[in-house]
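Inspection log for the structure reproduced underneath, given as C-alpha cells.
Number of protein chains: 2
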Amino acid sequence: MAKNAFYAQSGGVTAVINASACGVIETARKHGDKIGTVYAGRNGIIGALTEDLIDTSLESDTDIAALRYTPSGGFGSCRFKLRGLEESKAEYERLIEVFKAHDIGYFFYNGGGDSADTCYKISQLSEKMGYPIQAIHIPKTVDNDLPITDTCPGFGSVAKYIAVSTLEASFDVRSMAKTSTKIFVLEVMGRHAGWIAAAGGLVEDQGIPVVILFPEIEFDKEKFMARVKGRVEEHGFCSIVVSEGAHWPDGKFLAEQGTRDAFGHAQLGGAAPVVANMIKDELGLKFHWAVADYLQRAARHLASKTDVEQAYAVGKAGVEFAINGDNAIMPAIERLSNDPFEWKIGKALLSEVANVEKMMPMDFISDDGFGITDACKAYLLPLIQGEDYPPYKNGLPDYVTLKNITIDKKLPVFEL
Amino acid sequence: MAKNAFYAQSGGVTAVINASACGVIETARKHGDKIGTVYAGRNGIIGALTEDLIDTSLESDTDIAALRYTPSGGFGSCRFKLRGLEESKAEYERLIEVFKAHDIGYFFYNGGGDSADTCYKISQLSEKMGYPIQAIHIPKTVDNDLPITDTCPGFGSVAKYIAVSTLEASFDVRSMAKTSTKIFVLEVMGRHAGWIAAAGGLVEDQGIPVVILFPEIEFDKEKFMARVKGRVEEHGFCSIVVSEGAHWPDGKFLAEQGTRDAFGHAQLGGAAPVVANMIKDELGLKFHWAVADYLQRAARHLASKTDVEQAYAVGKAGVEFAINGDNAIMPAIERLSNDPFEWKIGKALLSEVANVEKMMPMDFISDDGFGITDACKAYLLPLIQGEDYPPYKNGLPDYVTLKNITIDKKLPVFEL
Numbered sequence: 001m002a003k004n005a006f007y008a009q010s011g012g013v014t015a016v017i018n019a020s021a022c023g024v025i026e027t028a029r030k031h032g033d034k035i036g037t038v039y040a041g042r043n044g045i046i047g048a049l050t051e052d053l054i055d056t057s058l059e060s061d062t063d064i065a066a067l068r069y070t071p072s073g074g075f076g077s078c079r080f081k082l083r084g085l086e087e088s089k090a091e092y093e094r095l096i097e098v099f100k101a102h103d104i105g106y107f108f109y110n111g112g113g114d115s116a117d118t119c120y121k122i123s124q125l126s127e128k129m130g131y132p133i134q135a136i137h138i139p140k141t142v143d144n145d146l147p148i149t150d151t152c153p154g155f156g157s158v159a160k161y162i163a164v165s166t167l168e169a170s171f172d173v174r175s176m177a178k179t180s181t182k183i184f185v186l187e188v189m190g191r192h193a194g195w196i197a198a199a200g201g202l203v204e205d206q207g208i209p210v211v212i213l214f215p216e217i218e219f220d221k222e223k224f225m226a227r228v229k230g231r232v233e234e235h236g237f238c239s240i241v242v243s244e245g246a247h248w249p250d251g252k253f254l255a256e257q258g259t260r261d262a263f264g265h266a267q268l269g270g271a272a273p274v275v276a277n278m279i280k281d282e283l284g285l286k287f288h289w290a291v292a293d294y295l296q297r298a299a300r301h302l303a304s305k306t307d308v309e310q311a312y313a314v315g316k317a318g319v320e321f322a323i324n325g326d327n328a329i330m331p332a333i334e335r336l337s338n339d340p341f342e343w344k345i346g347k348a349l350l351s352e353v354a355n356v357e358k359m360m361p362m363d364f365i366s367d368d369g370f371g372i373t374d375a376c377k378a379y380l381l382p383l384i385q386g387e388d389y390p391p392y393k394n395g396l397p398d399y400v401t402l403k404n405i406t407i408d409k410k411l412p413v414f415e416l
Numbered sequence: 417m418a419k420n421a422f423y424a425q426s427g428g429v430t431a432v433i434n435a436s437a438c439g440v441i442e443t444a445r446k447h448g449d450k451i452g453t454v455y456a457g458r459n460g461i462i463g464a465l466t467e468d469l470i471d472t473s474l475e476s477d478t479d480i481a482a483l484r485y486t487p488s489g490g491f492g493s494c495r496f497k498l499r500g501l502e503e504s505k506a507e508y509e510r511l512i513e514v515f516k517a518h519d520i521g522y523f524f525y526n527g528g529g530d531s532a533d534t535c536y537k538i539s540q541l542s543e544k545m546g547y548p549i550q551a552i553h554i555p556k557t558v559d560n561d562l563p564i565t566d567t568c569p570g571f572g573s574v575a576k577y578i579a580v581s582t583l584e585a586s587f588d589v590r591s592m593a594k595t596s597t598k599i600f601v602l603e604v605m606g607r608h609a610g611w612i613a614a615a616g617g618l619v620e621d622q623g624i625p626v627v628i629l630f631p632e633i634e635f636d637k638e639k640f641m642a643r644v645k646g647r648v649e650e651h652g653f654c655s656i657v658v659s660e661g662a663h664w665p666d667g668k669f670l671a672e673q674g675t676r677d678a679f680g681h682a683q684l685g686g687a688a689p690v691v692a693n694m695i696k697d698e699l700g701l702k703f704h705w706a707v708a709d710y711l712q713r714a715a716r717h718l719a720s721k722t723d724v725e726q727a728y729a730v731g732k733a734g735v736e737f738a739i740n741g742d743n744a745i746m747p748a749i750e751r752l753s754n755d756p757f758e759w760k761i762g763k764a765l766l767s768e769v770a771n772v773e774k775m776m777p778m779d780f781i782s783d784d785g786f787g788i789t790d791a792c793k794a795y796l797l798p799l800i801q802g803e804d805y806p807p808y809k810n811g812l813p814d815y816v817t818l819k820n821i822t823i824d825k826k827l828p829v830f831e832l
C-alpha cells in the first residue's frame with residue numbers, strides 16, 4: 001500500500017515556493033500507486049508537531065495548479081528551528097510519531113539551510129527509531145546560500161525584481177536630476193550576503209550609474225562619497241543599492257544609527273534613509289529612498305520564468321527521487337551552460353548540504369567594492385530570464401487561497 | 417506653412433507620461449500639413465527658457481513608439497514653477513520669444529496643476545504680445561488632483577502597483593503570521609490626498625485585512641491601535657497602508673518624530689517605520705515595513721492598461737484639438753459607465769482647471785476613517801484594469817533612451 005507524504009514550507013516565503021509545492025503535489029498525484037495522500041503542515045513544521053495536517057487531496061487540480069503562480073506560502077510557513085538531535089529530542093521524536101500515526105513515509109521539506117539540517121536529522125533518527133522515512137529537502141531561499149545547487153529557487157525572482165525596480169527608479173531620477181532628485185537609494189534584503197544587492201548592478205549595461213553597498217565589504221564612507229560624487233559628475237545622477245547587511249568596519253549595521261524617538265526608545269530605521277541623509281550632508285544632493293522589504297520576495301507579478309521553472313522542477317524531482325527510493329537528498333540545479341542557458345536537476349546529499357553556507361565569490365565584486373564583475377553578470381543574467389505572469393482578474397492577480405482543511409488528530413496534544 | 421510645436425514634461429514623472437508624449441508625437445507626425453517639427457524641452461520648461469530644444473524628428477518611429485512603454489520623462493522633466501504674470505514676467509516673455517524664434521505655434525504642456533496654470537497664462541500672454549500660441553495642457557499626475565477630468569494619467573498605474581504590492585506582501589505576512597511577522601506597513605505617496613493610499617483598500621475583497629492611514633483623517637493613535645488589534649485578532653495578521661501625508665491633529669506628519677542621529681541632526685525617516693514601531697510598542701507585534709517611493713510611480717512593468725490607453729489618448733487628443741483650432745484647453749477623461757467601463761475624451765477649459773485642486777470625496781472613506789467605501793472601489797477598480805507589459809530583453813524591460821539632440825540656438829543666453 002502506498003505510503004502518504006508530508007510536505008512543509010519553512011522560513012521566509014518567496015514568490016515561487018508555492019511553485020515547488022505545486023511540483024510536489026502534481027507529481028505525487030500522478031503516482032497514486034506509490035504515494036497516497038500528500039499532507040501539508042499548517043504553518044510549516046509546526047503543523048507536523050501539533051498534528052495540524054492539511055489534506056491536500058481536498059484541493060482541486062485547478063487550485064493546486066494555481067499555486068504555480070501564487071506567491072507566499074500556501075499552507076503557511078514558520079520560523080521554528082529544531083536544534084541538535086539531543087537538544088530537540090522531544091520534537092524529533094514527536095515528528096516521527098506523527099508520521100507513523102498517519103502512515104507517512106515521505107517527508108518533503110521546502111526551505112533553506114536550517115530545514116536541510118532538520119530534514120537530514122529526521123532521516124537519520126527515523127531509521128534509528130525503526131520507522132524509516134524518506135526525507136527529501138526541496139531547496140528554497142531568496143538568500144541563495146545553499147551549497148551544491150547552482151541557485152536557490154526564490155532568488156532569481158528577487159533578483160529580477162531588484163534589477164527592474166532599480167532600472168525604473170533610475171530612469172525616474174534621470175528625468176528629474178536637472179532641478180530635483182539626483183540620488184536614489186534602494187534598500188534590499190541580504191543580511192549576510194550580497195547576492196540580492198548584486199542584482200542592482202545588472203542595469204549598468206543600460207547606462208545607469210549604480211553604486212552597491214555589499215555586506216561583504218566594510219563601509220568606507222570617504223571612498224563611498226568619492227564614488228557617488230564621481231558618478232553624479234559623470235551622469236548627473238546616481239542610484240545606490242544598499243544591502244540591509246551593509247555595515248561599518250566594527251560590524252555595526254549602517255541602519256543602526258543610535259537614533260532615539262521622543263520617548264528615548266531606540267529607533268529602528270532602514271539603511272536607505274541613513275545612506276541618503278549621509279549623502280545629503282556630505283555632498284548636498286537631493287535624494288529619494290525606498291525600502292523594498294517583503295515587496296521584493298513576494299513580487300510574483302514580476303517573477304523570473306527561469307526561477308518559476310526551477311522551483312517547479314525541484315518539487316517534481318523531489319517526488320520522483322523519493323519514488324525511486326532516494327533518501328536524505330536534495331534536488332539540486334546544475335548549470336550546464338550560460339549561453340544558451342541550460343540546466344538540469346541533479347542530486348545533492350543532505351550530509352553535504354546541511355550546515356554549509358555558500359558565500360558570494362569575491363571575484364563577483366568589482367575591485368573598488370561598489371559594483372559587480374562580468375563573472376557575476378554571467379552568473380546572474382540567466383536567472384532573471386523570462387517572464388511568467390499570473391492571470392489577472394478585475395485588475396489584480398488572481399492568486400489562490402487554498403481551503404486548507406486539516407484531518408482528524410490521532411495523538412495527544414503536544415506542547416510547543 | 418505648418419507651425420512647429422513645443423512639448424514639455426513637467427513635475428514628477430510617471431510610468432505613463434511618455435505614453436502621452438508618444439500620443440502627441442505620433443499624432444503630430446500624421447498631420448505634417450498642420451504641424452511641422454515637434455520640439456521637446458530638455459528637462460521640461462527649462463528647456464524652453466534656455467532654448468534647449470530637442471528635435472524629436474530625429475528620433476525614429478520605433479523609438480517614439482517605444483515611449484509608450486517606457487516610464488519616466490523621456491526628455492527630462494523639472495520642478496520649476498512659473499508664478500504670476502507680473503512676478504515671472506521675464507520668464508513668460510522669454511518663452512514667447514523662444515517660441516517665436518523657432519516658429520512654434522503649438523504648446524503642449526504635460527503636467528499637473530502648476531503646469532495647467534502656466535499653460536493658461538502663456539495662452540493669455542502670447543495673445544497680448546501679438547504672437548498667439550495655442551496652448552494645450554496634457555493632464556498628468558499620480559496625485560489625481562486635477563479637476564474636471566475623471567482621473568489623471570499616471571494615477572491608475574500607481575494605484576495598480578499599490579494594490580498588487582499590498583496583496584502580495586499581505587499573502588507573505590499571512591504565511592508568516594503564526595510565529596513571526598503579523599504586521600506589514602507600506603508607505604505610499606500622496607502628501608495632500610489619499611487617492612494612492614485608497615488603492616490599498618482594493619485588496620480587502622480578497623480577504624486581506626487592510627487599515628489605511630489617510631492624510632484626510634487626523635491620526636488618532638488610540639483608535640488606530642484598537643482597529644489594528646481587532647484585525648489581527650480576527651485574521652492573525654494585518655496590513656497597513658500609510659500615506660506619507662498622514663499626520664497628527666496638530667498637522668505634524670507621522671514621519672516627523674523629532675529623532676536625532678549621533679551628531680544631533682534631525683533624522684528624516686518615513687512614516688512606515690514610525691507606525692510599525694508604534695504598533696510594536698503598543699501591541700507587541702512583530703512587523704515588517706516598506707517604503708515604495710519612486711518604485712510606485714516608475715513601475716511601468718505593472719502599468720494599468722486603462723491608464724496607458726488614457727495617457728496616450730490625452731496626448732493624441734491634445735494634438736487633434738490643436739489642429740482644430742482649440743486653445744487654452746485640456747483633454748479631459750469623461751467616464752461614461754463603470755461596468756462595462758467606458759470613457760471618452762472631452763475638453764476642459766484651462767480657465768476652469770488652473771488653480772483648482774480636486775480632493776478625494778469624503779464619502780470615499782469609510783466611517784471609521786481606516787478604509788474605503790464601495791463608491792471608492794467603484795471609482796478605482798476600472799482605473800487599474802488590464803495589463804500592458806513592456807517588451808523584455810535579456811531579462812529586463814527594453815525601455816528606450818532617446819537620442820535627444822537639440823537644435824541650434826538663435827537667441828542670447830537666458831539666466832534662470
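Residue numbers (the numbering used here), protein chains in the order written: chain A, 1 to 416; chain B, 417 to 832. Glycine included, C-beta positions come from ideal geometry on N, C-alpha and C.
{"Check": "Buried versus exposed, by CB contacts within 10 Å (16 or more), A:M330", "Outcome": "buried"}
{"Check": "Own chain, CB closer than 8 Å to B:E509, minus 5 neighbours either side, in chain order", "Outcome": "L541 and M545"}
{"Check": "Among B:M775, B:A482, B:E768 and B:Y805, nearest to B:K537 - alpha-carbon criterion", "Outcome": "B:E768"}
{"Check": "C-alpha distance - B:K419 paired with B:V454, whole-angstrom precision", "Outcome": "9 Å"}
{"Check": "Burial state of B:S476 (16 or more Cβ within 10 Å)", "Outcome": "exposed"}
{"Check": "Short Cβ contact (8 Å threshold) for B:K556 with B:G572", "Outcome": "no"}
{"Check": "Assigned secondary structure, A:K134 (DSSP; H/G/I helix, E/B strand, else coil)", "Outcome": "According to the sequence shown, residue 134 of chain A is Gln rather than Lys. Of the three classes helix, strand and coil, the one that applies to A:Q134 here is strand, per DSSP."}
{"Check": "Exposure label - B:L752; buried when at least 16 CB within 10 Å", "Outcome": "exposed"}
{"Check": "Beta-carbon spacing of A:A292, A:E216 below 8 Å", "Outcome": "no"}
{"Check": "Cβ-Cβ distance between B:G527 and B:G452 below 8 Å", "Outcome": "no"}
{"Check": "Spatially closest choice to A:K305 from A:D388, A:V274 and A:K403, by CA coordinates", "Outcome": "A:D388"}
{"Check": "Per-residue DSSP class, three states only, for B:E632", "Outcome": "coil"}
{"Check": "Cα-Cα separation between B:S843 and B:C494, rounded to whole angstroms", "Outcome": "Nothing about residue 843 of chain B can be read from this structure; chain B reaches only from 417 to 832."}
{"Check": "Helix, strand or coil at A:I152 according to DSSP, with G and I counted as helix", "Outcome": "Position check: residue 152 of chain A holds Cys in this sequence, whereas Ile was assumed. The answer is coil: DSSP assigns A:C152 none of H, G, I, E or B."}
{"Check": "Whether A:I384 touches A:A193 by CB criterion (8 Å)", "Outcome": "no"}
{"Check": "Residue-level contact to chain B via CB, A:Q134, 8 Å cutoff", "Outcome": "no"}
{"Check": "Buried versus exposed, by CB contacts within 10 Å (16 or more), B:L629", "Outcome": "buried"}
{"Check": "DSSP three-state assignment for A:P147, whether helix, strand or coil", "Outcome": "coil"}
{"Check": "Below-8 Å beta-carbon distance, B:G529 vs any chain A residue", "Outcome": "no"}
{"Check": "Neighbouring residues, chain B, relative to A:A378 (Cβ below 9 Å)", "Outcome": "Under the 9 Å cutoff, chain B gives no residues; its nearest Cβ is about 12 Å from A:A378."}
{"Check": "Residues near A:I25 by beta carbon distance below 6 Å, same chain, minus five either side", "Outcome": "V38, T56 and I64"}
{"Check": "Chain-ordered chain B contacts of A:F171 [CB-CB under 7 Å]", "Outcome": "P487, S488, A714 and Y815"}
{"Check": "Nearest to B:F757 (by Cα), restricted to the options B:M641, B:L796, B:E736 and B:S782", "Outcome": "B:L796"}
{"Check": "Buried or exposed (CB count within 10 angstroms, at least 16 for buried), B:H447", "Outcome": "exposed"}
{"Check": "Inter-stretch contact at 8 Å, needing at least 3 Cβ pairs: the region 757–766 of chain B / the region 550–567 of chain B", "Outcome": "yes"}
{"Check": "Neighbour-count burial assignment, B:V730, 16 or more Cβ in a 10 Å radius", "Outcome": "buried"}
{"Check": "Pick from B:L501, B:I549, B:T478 and B:D449 that is closest to B:Y423, judged by C-alpha positions", "Outcome": "B:I549"}
{"Check": "When A:V211, A:K81 and A:A66 are compared against A:C119, the one with the closest alpha-carbon", "Outcome": "A:K81"}
{"Check": "Beta-carbon contacts of A:E357 that lie in its chain and below 7 Å, excluding the five residues immediately before and after", "Outcome": "G113 and D145"}
{"Check": "Proximity winner among B:A421, B:A506 and B:G785, relative to B:G383 (alpha-carbon distances)", "Outcome": "The question about residue 383 of chain B has no answer, for chain B in this structure spans 417 to 832."}
{"Check": "One or two residues paired with A:S304 in a DSSP bridge", "Outcome": "A:E387"}
{"Check": "Straight-line Cα distance separating A:L254 from B:D755", "Outcome": "50 Å"}
{"Check": "Spatial distance of A:E309 from A:Y109 (CA atoms)", "Outcome": "19 Å"}
{"Check": "Three or more C-beta pairs below 8 Å linking the region 45–55 of chain A and the region 166–185 of chain A", "Outcome": "no"}
{"Check": "Residues near A:H265 by beta carbon distance below 6 Å, same chain, minus five either side", "Outcome": "The pLDDT assigned to A:H265 is 49, lower than 50, so where the model puts this residue is not dependable, and the model offers no usable value."}
{"Check": "Short Cβ contact (8 Å threshold) for B:M605 with B:E660", "Outcome": "yes"}
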